[in-house]
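To convert, note that position 683 of the sequence shown is 683 in full-length UniProt numbering; the numbers rise steadily by one, no gaps.
See structure below.
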Amino acid sequence: KMTQHMRDLQLAQARKPPGPSSPNAAKRLYRNLSGKFRVNYTSFDEGSLAGRGEKEKLRKSYLFQSNAALFEAVELQDLDRVQELLKQYSPEELDLNTPNSEGLLPLDIAIMTNNAPIARALLQAGAKESPHFVSLESRSLHLSTLVREAEQRVNELTAQVVNEAPNTDCSEKEKQLKAWEWRYRLYKRMKAGFEHARVPDAPTNVHLSVASSSSVQVTFWEPLSVNSAVVTKYKVEWSCSPTFSPPLGEAVIDKLKNLHFTIRGLVSGTAYYVQVSAYNMKGWGPPQASVPPFAIPSNWREYDGRAPRRRGQAEALDHLLGQVKTVHQHCVCHEPCKIQPQSRKHSVSKSLKHLFHPSSKFLKTLKRGLYLTAIFYKDDNILVTHEDQIPVVEIDDTYSCLLMQDFLWFTKVSCMWDEILWLRQCVTVSQSSCSCILQTRFKMLLAISQMQGLLGIQDLGQVFFEPVKDKQGNILIVTLKEVKTNQTFESVRWVPICKLQTSRKSVSSPEEPTALDTLLISVQDKLAYHQRSSHALSPGLYLGYLKLCSAVDQIRVLVPERLPNILCHVKIRSNPNISREEWEWLQKMASVEEPVPAEPEAETSQNHLFQELQVAIKELMTLVNIPLQEAKDFRLYSQEVLDFGGQVSFLLLLPPSDDVCTAPGQNNPYTPCSGFLTLPLQIFELGEER
């Protein structure tokens, strides 16, 4: 119809004069055209708007029902249903802090029926008490009114049910009567719960620690009493006076998922006293002073005025690298790079030749030599070539014995994937020399460039800590990288790891597998290592165990398999800071000749650290499978606290001096049996930096 109308319109326009006879005629024509051609679109828009309106109404209705369902679950004391609703909807969608028609919130009902599990679940979701209850009297009056009105309604419905003859209306009245009887009992229970409740006891285990040179942290537990009402918030107060007169500040904590608070903006070297009190619907309970009673903001570096070890190091190294690049810009090795733009035709033909050169393709089989393989993975999938092979390129077909120094040099290059072209240009100058080492390293850079070009990816990831070797003289250097996004590539594709492992036909015997077969068999172990090595520790102070072993060409360090980028360790506490007083005590402990120094005074931060260290040392010795009796000669490294980013710090536990590093062939009594591995020290340092 619309097409026919257009044709008719064109014919009409052809018969008519070139323009409308008057402005009004033009307006009429526009209105007619607009009306005829706009009908379907307007109806569509109106329909879509109506549809959106209906959807919004349905959504609001659904959320209203979920809010009613939450109130019902709390009233019926159905903890599972409450947890399900809190997990399914956000607090905003549930209207968690919007009072119902009786002026009550879900949390009010939970705490006045003394249902602690439901109240805690609501509190952790961000529930609040009703703002209408500004005093004890207002809460008592409100509850009395609810009970009175419910009782009156029950009496009215009872009279109606008794006096009316049995019919449909009577049956409906009986249902209403039962509902109001249940609500009457609920309000009476809430009123009784409020009347019998008392203010909470003081919080327990109130511990004060120094968080930094300008802050202290207080942690605490709930009151022990089970007879008082549910605690809904806490108050932390601090002062420079033990009598808290005058008080310096206070903070109310109503998010009860983690019971701790950090007081910031304090003056270093000043003693601060802290106390904590709890609140429930009956009011604030008595305060509990912290242990120790005061803390002095400080840091261990203030003991001898030591500056942070790594301050400015990264910036200095970047500046140094920039200077080196600036000097090399005028070097003869960069001349080919400079003249490339002037001969576009030559560069294009050269690149085309490179594409068809045998060395520019991924290898299917290995000969005797040194190779580079890159493993990219995402979830349970891995990148392979179109021949279903893990990408492999040749480094050197005459190199059958990889020197550890060359391998460690390659791992350092992995920190500069974007600078490979520049490194190649710098190494080219020395290629003509007789140095086999330089020629091998230049071939490594060529292989990296080739792999980057074939994959179209600059960052090849992290180098696995040891090459894969076979008895035929093949050596594989392996890089690993996890791909987070859904990327597609031209020369490779994604396949499930299990499919690759089952479909590949081995060309070697089980007794003497090739390096490629060994890689494929162990690929999941290597991926697991790569994932674990990227995990970070949670903030806190840790006790680490340093154990080294040496070989002819390297030193290796003991690390746990579950976290190979960190020394063997246990957590001492969540606060990473060591205060000046604690460090001073550690220095004294390290200087005494007795293996176990006298215990520090009670109710001091030093005593608390002493107890934490005792627990941590026992736990660490159990972890590394060393009998506690054999560890009597172990010592704490007292030169510094190892700081990692300000949120993680380490104290080191060392074996006796002669046993820190075990020489080849030496009997080592301090090495655990399983669950650990040894990494080359340089590999460990690179992993730690990442």
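Quick reminder that beta carbons are idealized off the backbone N, C-alpha and C, glycines included.
- Here the stretch 483-498 lies against the stretch 380-387, with 3 or more beta-carbon pairs under 8 angstroms apart.
- Considered as a whole, the stretch 496-577 harbours 497-503, 515-521 and 523-532 as its complete alpha helix (DSSP H) runs of no fewer than 4 residues, in chain order.
- Secondary structure in the stretch 420-499: the beta strand (DSSP E) runs of 3 residues or longer, each lying completely within the stretch, are 475-482 and 492-496 in chain order.
- Residue environment for Met-416: exposed (fewer than 16 other C-beta atoms within 10 angstroms of its C-beta).
- In the structure shown, Asn-163 adopts helical secondary structure according to DSSP, grouped into three states.
- By a beta-carbon distance limit of 8 angstroms, Glu-561 contacts Gly-675. Their separation comes to about 6 angstroms.
- In this structure, the beta-carbon distance from Trp-238 to Tyr-273 falls below 8 angstroms.
- Inter-residue distance for Glu-250 and Phe-244 is about 11 angstroms (C-alpha atoms, whole angstroms).
- Taking a contact as a CB-CB distance under 8 angstroms, the pair Leu-403 and Asn-474 does not count as one, their CB atoms being some 16 angstroms apart.
- DSSP places Ser-277 in the strand class (E or B) of the three-state scheme.
- For Thr-204, the enclosing beta strand (DSSP E) has its first and last residue at 204-212.
- Taking a contact as a CB-CB distance under 8 angstroms, the pair Leu-653 and Ile-617 counts as one, their CB atoms being some 7 angstroms apart.
- Excluding residues up to 5 positions away in sequence, Trp-300, Tyr-303 and Val-641 lie with their Cβ nearer than 8 angstroms to the Cβ of Trp-583 in the same chain.
- Just measuring C-alpha positions, the residue of Gln-462, Arg-532 and Met-621 sitting nearest Leu-686 is Gln-462.
- It is roughly 19 angstroms from the alpha-carbon of Glu-72 to the alpha-carbon of Gln-124.
- Under the three-pair Cβ rule at 8 angstroms, the stretch 85-99 does not count as touching the stretch 188-205.
- Contiguous alpha helix (DSSP H) elements confined to the stretch 216-241 do not occur, taking only those with 4 or more residues.
- Secondary structure note for Val-615: its alpha helix (DSSP H) is the uninterrupted segment 605-623.
- For Val-393, the secondary structure class from DSSP, reduced to helix, strand or coil, is strand.
- Residue burial annotation: Trp-585 is buried, with at least 16 other C-beta atoms found within 10 angstroms of its C-beta.
- The beta carbon of Phe-650 sits closer than 6 angstroms to the beta carbons of Tyr-542, Gly-544 and Leu-642 from its chain, once the five residues preceding and following it are set aside; these are given in chain order.
- The continuous alpha helix (DSSP H) containing Gln-124 extends over residues 116-124.
- Contact check for His-530 against Glu-581 fails: the beta carbons are separated by 8 angstroms or more.
- Apart from the 5 residues on each side of it in sequence, Leu-563 sits with its Cβ closer than 7 angstroms to the Cβ of Arg-532 and His-535 in its chain, given in chain order.
- The distance from the Cβ of Met-451 to that of Val-393 is about 5 angstroms, consistent with a contact at the 8 angstroms cut-off.
- When C-beta atoms of the stretch 246-265 are compared with those of the stretch 131-145, fewer than three pairs fall below 8 angstroms, so the two segments do not count as touching.
- Per DSSP, Gln-288 lies in no alpha helix (DSSP H); the unbroken beta strand (DSSP E) holding it starts and ends at 288-295.
- A distance below 8 angstroms separates the beta carbons of Val-74 and Ile-109.
- Secondary-structure assignment with DSSP links Ala-271 through no beta bridge to anything.
- Judged by their CB atoms, Thr-411 and Pro-391 are not nearer to each other than the 8 angstroms cut-off.
- Between the stretch 305-325 and the stretch 215-234 there are fewer than three C-beta pairs closer than 8 angstroms, too few to call the two in contact.
- Of the candidates Thr-158, Phe-644, Val-134 and Val-324, Thr-158 places its Cα closest to the Cα of Lys-173.
- In the DSSP annotation of this structure, Pro-680 is not part of any alpha helix (DSSP H); the continuous beta strand (DSSP E) holding it starts and ends at 676-680.
- Nearest C-alpha to Asp-517 among Glu-137, Lys-364 and Gln-176: Lys-364.
- A Cβ-Cβ distance of about 6 angstroms is found for the pair Gln-501 and Leu-520, placing them in contact under the 8 angstroms criterion.
- The DSSP-derived three-state label of Arg-264 is coil.
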